[in-house]
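Worksheet: the structure to be examined is printed underneath.
Number of protein chains: 4
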Amino acid sequence: MSQTRPGKRERLVAAAAEMVYRQGVAPTTLAHIAEAADVPLGNVYYYFKTKEDIVGAVVQARAEQLEATLAELEARHRTPKTRLKALVDMLADRADETALYGCPYGTLATELSKRPDGTNPLATHLMGLLINWAERQFQQLVRRDARDLAIDLVAAYEGAAVLASTLAQPDLMARHSRRLRAWIDAQPGRPTA
Amino acid sequence: MSQTRPGKRERLVAAAAEMVYRQGVAPTTLAHIAEAADVPLGNVYYYFKTKEDIVGAVVQARAEQLEATLAELEARHRTPKTRLKALVDMLADRADETALYGCPYGTLATELSKRPDGTNPLATHLMGLLINWAERQFQQLVRRDARDLAIDLVAAYEGAAVLASTLAQPDLMARHSRRLRAWIDAQPGRPTA
Amino acid sequence: MSQTRPGKRERLVAAAAEMVYRQGVAPTTLAHIAEAADVPLGNVYYYFKTKEDIVGAVVQARAEQLEATLAELEARHRTPKTRLKALVDMLADRADETALYGCPYGTLATELSKRPDGTNPLATHLMGLLINWAERQFQQLVRRDARDLAIDLVAAYEGAAVLASTLAQPDLMARHSRRLRAWIDAQPGRPTA
Amino acid sequence: MSQTRPGKRERLVAAAAEMVYRQGVAPTTLAHIAEAADVPLGNVYYYFKTKEDIVGAVVQARAEQLEATLAELEARHRTPKTRLKALVDMLADRADETALYGCPYGTLATELSKRPDGTNPLATHLMGLLINWAERQFQQLVRRDARDLAIDLVAAYEGAAVLASTLAQPDLMARHSRRLRAWIDAQPGRPTA
DNA sequence: CATGAATGAGGATTCATTCAT
DNA sequence: TATGAATGAATCCTCATTCAT
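Chains as they are written, first to last, in my numbering: chain A, 4 to 196; chain B, 4 to 196; chain C, 4 to 196; chain D, 4 to 196.
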């Protein structure tokens, strides 16, 4: 209809998310983000009042993207175990990027939790999405310790991502995903359905 | 002869290490470090040419501290399994700090690997110490897959630390350490000694 | 025919006048004014070419309001002395606001006279209204020094307002108004009418 | 000895005071101050953490200057009345500047009291100096209403300054000072000494 | 070696003003 | 006329780094 050239805000968030993933929050400058999004620096402030706001939008974007992904996994696969394995596969598919910059959720959450301001809840929310989703899968396997299993799963992935990026070894992700698949298969629980 | 007042450099590195652990590398300023170490700002440059140098010294300090710790574990405990369990216990003892700032090695290494400059080898070195030590323990258990086991162990810890700090849940570390102890105990290998 | 939605310009000027009174010209932003007047920012420029124009309109509004007030005083009261005392009373009635933000004419005029641009005549005009009116009253008392008396009166009020706001003491206005009333009563002149 | 090229901080404050007097606080930019003081902009922040700090220093400088002036008046003149008249003379001597920029204390205090931050006490302090000094003089005249008389005197001066600058009439100060001198002479009190 | 001070290149943020529709 | 969005020049402020003594 009228208004803004579409996607400007989206482009800013996307650019910010990418740069934050690659270099971290602190070294990412608004001028850089603006340039990457092809938006004049001054205009950035029409969409976001402060840098912190952009960071918040980045976290939210990551969260939504993660939610969408998980929803799709849930729709595409019928049983909890296949879903969990599909998740593991999906994460392993990003091995190359992971070896370069770590887990996009984990490294962001880690940096956020070191901040003095109240950004921590955002970090918690982000990781919570992943854990809660996994937990629901384990619940469908009728496991009493569903939460713990979910945490174990996510922790295993995050740990692998830390090592993959730290050691710069993409292969590490593949081996880990195999191990996790086997572990999932070995779970005793049975689907309720 | 003209001897530098002892500890000055050490104080700087210690202060820097602590601040870097708590806030990350980027938000930590030289002025802040100098103040915390009670060293005049101008004097910092007598000991370190650049901020990057201080960061390097911090990594090295962490590395030496880790090496010393591992050496002591090795000296105090006779069998690989008790050593590995002692390591796990030690890490779990820092649960409260870990829930606040994550793993001192992992978060530092993660931030370093995102840097464009050549700091990455430092990160690799740091995590390598831990992994190599664990690997040697598994080798003494005569395990062919010693390296993989070591990586699994360290990854498990790093993942737990990421979640503990992200979710701000210290307890998570305790549960994880129990799980890891059990896993170590369950390892089939036998010590060569 | 296409008539502007009524009051829009007035709302802008009113909002601007209020904000300028409370915070001063410089710290008052157009965006803020527009928001307070519930007018889209872009639209402001249909009514005023520049911020300076709005300030001019504010001064004019203050001037008109002052003229109206003085006219009413003149209509309501028959003798110069009662008129002058009514003026003093009226100003004293605003003691609370005055203690917070000073005299709405004086502080505005003061800020304007510091500006490099040619806003100064506006300031002169504003204060002139008050002085001229008082002067006319004293002229009706057949005082040769009517102008000086008028200036003394207005100066006394402005000075009181400066102190009231600076010291944050509303009471100061009341005491001063009593003093001025007495001074007016003590004036020797007699009305010509 | 060593250290800074002397007076740098003083030069900054002096430049700031002058510019603040001429244009007001808000329009005075740190870059301008720095330039006027011949100090690199970045260096300003070595002496003052924020712009507000500089403003604070300006107020304090004005306060100290006022205190010194008053102390000198007190030393040079023996009786309260001659002191008060000397004060009035001194203020009238600045008629030309006053007609351009108003009273250096009053306009500053007025602008400060409009600020939302806690700068108001500074304004109160500044005007308090003048009032308290005058009050002490009237006390020596054994006047019960010394405080009120002091306030009347200062208010009279501030009001005159407002009009002089607003109307751009330096002469106004001279006439007012004559009036005030006469008023002081007419005071009934007798010095205790 | 020590140190307070200096420097200047950014970096975040604001805001009057303009533009496209 | 109306309006959301755009623009870019300032402004305040930070900080690694250097310098003079």
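Idealized CB from N, CA, C, for every residue including glycine.
Count the other CB atoms, across all protein chains shown, that sit within 10 Å of the CB of C/Arg65; report buried if there are 16 or more and exposed otherwise.
buried
Reducing DSSP to helix, strand and coil, say where A/Tyr108 ends up.
Looking at A/Tyr108 - three-state DSSP - the assignment turns out to be coil, as it is neither helix nor strand.
Could you check whether the Cβ of C/Asn123 sits closer than 9 angstroms to any Cβ belonging to chain D?
Taking 9 angstroms as the CB threshold, C/Asn123 lines the interface with chain D.
With 9 angstroms set as the bound, which would you pick, yes or no: does the beta-carbon of B/His80 sit closer than that to a beta-carbon of chain A?
no
Spatial neighbours of D/Ala164 within its chain, please: C-beta separation below 7 angstroms, excluding the five flanking residues on both sides.
Correct list, in chain order: Thr101, Gly105, Cys106 and Gly109.
Given 8 angstroms as the limit, is there contact between the stretch 37-49 of chain C and the stretch 144-155 of chain C, that is, 3 or more CB pairs closer than that?
no
For B/Ala126, collect the residues of the same chain with a Cβ closer than 8 angstroms to its Cβ; drop the 5 residues on either side in sequence, then sort them by chain order.
Here the set comprises Val62, Leu111, Ala112, Thr113, Leu115 and Ser116.
Could you work out which residue in A/Thr82, A/Gln26 and A/Gln172 is closest to B/Pro226 when comparing CA atoms only?
Outside the modelled stretch of chain B, which goes from 4 to 196, sits residue 226 of chain B, for which no answer is possible.
Using three-state DSSP, classify D/Gln140 as helix, strand or coil.
For D/Gln140, the three-state secondary structure derived from DSSP is helix.
Would you report the Cα separation of D/Pro43 and D/Glu13, rounded to the nearest angstrom?
15 angstroms
For D/His179, which residues in chain C fall below 9 angstroms Cβ to Cβ?
Neighbours of D/His179 on chain C, chain order: Ile154, Asp155 and Ala158.
Quick one: is B/Glu138 buried, meaning 16 or more other Cβ sit within 10 Å of its Cβ, or exposed?
buried
Could you list the residues in the stretch 16-44 of chain B with a C-beta less than 9 angstroms from some C-beta on chain A, going in chain order?
Against chain A - using a Cβ distance shorter than 9 angstroms - the residues of the stretch 16-44 of chain B are Tyr24, Arg25, Gln26, Gly27, Val28, Ala29 and Pro30.
Would you mind working out which of C/Leu94, C/Gln142 and C/Leu103 sits nearest C/Ala158, comparing C-alpha positions?
C/Leu94
How about B/Leu69 and B/Leu132: do their beta carbons lie closer than 9 angstroms?
Yes; because the gap between Cβ atoms is below 9 angstroms, this pair is in contact.
Measure from the alpha carbon of C/Asp96 to the alpha carbon of each residue in C/Gly192, C/Asp174, C/Ala185 and C/Gly10, then state which is nearest.
C/Asp174
So with Cβ pairs under 9 angstroms, would you call B/Gln6 a contact of chain A?
Caution applies to B/Gln6, whose pLDDT of 48 falls short of 50 and renders its modelled position unreliable; the value that the coordinates give is listed next. Chain A contact via Cβ: absent.
Report the residue ranges of all alpha helix (DSSP H) runs contained in full by the stretch 40-89 of chain A; include only those spanning at least 4 residues, in chain order.
44-50 and 54-79
Here's a check: name, in chain order, each residue in its chain whose Cβ is nearer than 8 angstroms to the Cβ of C/Lys11, leaving out the five neighbours to either side.
Ala40, Val42, Asn46 and Tyr50
Mind listing the chain C neighbours of D/Gly105? Cutoff is C-beta to C-beta under 8 angstroms, in chain order.
Within chain C, the residues near D/Gly105 are Thr113, Ser116 and Lys117.
Would you say C/Leu166 lies against chain D (beta-carbon separation less than 9 angstroms)?
yes
Using a beta-carbon distance below 9 angstroms, is D/Met93 in contact with chain C?
no
With a Cβ-Cβ cutoff of 9 angstroms, do C/Arg182 and C/Leu103 count as a contact?
no
Mind checking if D/Thr169 is an interface residue toward chain C, Cβ cutoff 9 angstroms exclusive?
Closer than 9 angstroms: yes.
Using only the alpha-carbon positions, how far apart do C/Gly27 and D/Ala74 sit?
34 angstroms
What does the alpha-carbon distance come out to for the pair A/Ile187 and B/Thr82?
31 angstroms
Please confirm if B/Gly162 has its CB atom under 9 angstroms from at least one CB of chain A.
yes
For B/Ala126, go through chain A and note every residue whose CB falls closer than 7 angstroms to its CB, in chain order.
Thr169
Just mark B/Glu67 as buried or exposed, buried being the case when its beta carbon has 16 or more other beta carbons within 10 Å.
exposed
Is any heavy atom in the ligand MN found nearer than 8 angstroms to the beta carbon of D/Asp56?
No copy of the ligand MN appears in this structure; indeed no ligand is present at all.
Assuming contact is defined by CB atoms lying nearer than 9 angstroms, are D/Ala34 and D/Ala98 in contact in what I supplied?
In this structure, D/Ala98 does not lie closer than 9 angstroms to D/Ala34 by Cβ.
With distance defined between alpha-carbon atoms, name the residue in A/Leu87, A/Thr53 and A/Gly121 nearest to A/Gln136.
Looking at the sequence shown, residue 136 of chain A is not Gln but Trp. Comparing Cα-Cα distances from A/Trp136 to each of A/Leu87, A/Thr53 and A/Gly121, the minimum goes to A/Leu87.
Can you give me the Cβ contacts of D/Gln190 inside the same chain, cut-off strictly under 8 angstroms, excluding the 5 residues immediately before and after it?
Lys84, Phe141, Leu144, Arg146 and Leu152.
I think B/Ser180 touches B/Val91, with their Cβ atoms under 8 angstroms apart; what is that distance to the nearest whole Å?
Correct: roughly 5 angstroms between the Cβ atoms.
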